[in-house]
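Under our numbering, think of the first position of the sequence shown as 6, with each following residue one higher.
Cβ coordinates follow ideal geometry from the N, Cα and C atoms, glycine included.
All figures in this text were calculated on a predicted structure; none of them were measured in a lab.
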Amino acid sequence: MKKALLTLSALALCMAAGSALAKEYKELRFGVDPSYAPFESKAADGSLVGFDIDLGNAICAELKVKCKWVESDFDGMIPGLKANKFDGVISSMTVTAAREKVIDFSNELFSGPTSFVFKKGSGLSADTASLKGKTVGYEQGTIQEAYAKAVLDKAGVKTQAYQNQDQVYADLTSGRLDASIQDMLQAELGFLKSPQGADYEVSKPVDDPLLPSKTAIGISKGNKELKALLDKGIKALHDDGTYATIQKKHFGDLNLYSGK
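Okay, structure coming up:
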């Protein structure tokens, strides 16, 4: 009997320790690079707007926690996670094998291909042969950077890195770049719909293993508790129709969720 009581006491202590170690989230800090409309950008009043912003705020509402957005250049997202500057990254971050070695991801938020943008009538295309000798810009830290270094550079294409997507488009429209490479939907629904994008077009999707399409929330490696919490919030958005409402607001009848 004494042994049984001691065992129960030890178990109670372990459970208490486990409860003390479990983090109760009252606030979720999300890293975001607001240069990627319509997913994340800044309104005229300085507020953050976009599909990802609405999804993040809706997830926080479902989980009954406060949402805090922390702005960062995209190539600073993973270092920021490691430095505990934020709890998660909601900034159109694609799930890749290389990233999964250093961080973990929530379940899918949305899915989208990559494409090039160039001036109408330029004769350029997604075929790397058409881009040989031309200069293509990309945002640092993205999957498009990995593709540029592994494929475009070797194909004789000149490539140029930028801190954010706004800088890429600024040099594209000024003539310093012949083309840019980025998320296809971002280009179509962000840049091409802006006044400066009127004379530009988007290529067909670029099909390459280096350019996966699944996007999710990036979190610190091994944080299973936060992953479960975020996955719960994402599922709730689908179950109650909130995801569909937000998707329709930004993309009409276009379906961004692959359901995988």
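request  = Could you tell me whether the stretch 243-250 touches the stretch 46-57, using the rule of 3 or more Cβ pairs below 8 Å?
outcome  = no
inquiry  = For the alpha helix (DSSP H) containing THR178, name the first residue and the last one.
reply    = 170-179
ask   = If you run the structure through DSSP and keep just helix, strand and coil, what is LEU234?
value = helix
message = Applying the 10 Å Cβ sphere with the 16-neighbour rule, what's the burial state of LYS209?
response = exposed
ask   = Do GLY36 and SER77 have their C-beta atoms within less than 7 Å of each other?
value = yes
key: Runs of alpha helix (DSSP H) lying entirely within the stretch 138-207, each at least 4 residues, in chain order   = 148-152, 170-179
query = Where does ALA27 fall in DSSP's three states?
reply = Its pLDDT being 47, under 50, ALA27 is placed unreliably by the model, and the measurement read from it follows with that caveat. The answer is coil: DSSP assigns ALA27 none of H, G, I, E or B.
message = Give me, in chain order, the residues of the same chain whose beta-carbon lies closer than 7 Å to that of GLN168; leave out the 5 immediate sequence neighbours on both sides.
response = ASP78, GLN145
query = Anyone know if the C-beta pair for LEU231 and ILE224 falls short of 7 Å?
reply = yes
message = Residues in the same chain with beta-carbon distance under 8 Å from VAL207, minus the five sequence neighbours each way, listed in chain order, please.
response = SER120, PHE121, VAL122, MET189, ALA192, GLU193, LEU197
key: Pick from LYS124, ILE83, LYS125 that is closest to GLU105, judged by C-alpha positions   = ILE83
inquiry  = Just to confirm the assignment, what range does the beta strand (DSSP E) spanning GLU45 have?
reply    = Careful: GLU45 lies outside any beta strand (DSSP E) and carries neither H nor E.
key: Coarse secondary structure for THR220, derived from DSSP in three states   = strand
query = Are VAL100 and ALA233 closer than 7 Å when you measure CB to CB?
reply = no
inquiry  = Measuring only the C-alpha atoms, how far is VAL156 from LEU261?
reply    = 27 Å
Candidates ALA134, ASP213, LEU182: closest to GLN170 by CA position = LEU182
query = In terms of residue numbering, what span does the beta strand (DSSP E) encompassing ASN112 cover?
reply = 108-116
ask   = Which whole-angstrom value is the C-beta distance of HIS255 and PRO118, which I expect to be below 8 Å?
value = Not really, about 17 Å apart at Cβ, beyond 8 Å.
task = Leaving aside the five residues before and after GLY195 along the sequence, list all residues of the same chain whose C-beta is less than 6 Å from its C-beta, in chain order.
result = ALA42, PRO43
Proximity test, LYS137 beta-carbon vs the ligand COA heavy atom, cut-off 6 Å = Absence of the ligand COA from the depicted structure is noted, as is the absence of any ligand whatsoever, leaving it without description.
ask   = What are the boundary residues of the alpha helix (DSSP H) that ALA85 is part of?
value = Note that residue 85 is Gly in the sequence shown here, rather than Ala. Here the alpha helix (DSSP H) through GLY85 covers 82-87.
ask   = Is DSSP giving LEU259 helix, strand or coil here?
value = coil
ask   = In or out: VAL107 buried (at least 16 other Cβ within 10 Å) or exposed?
value = exposed
message = Which of the three DSSP states is assigned to SER135 in this structure?
response = helix
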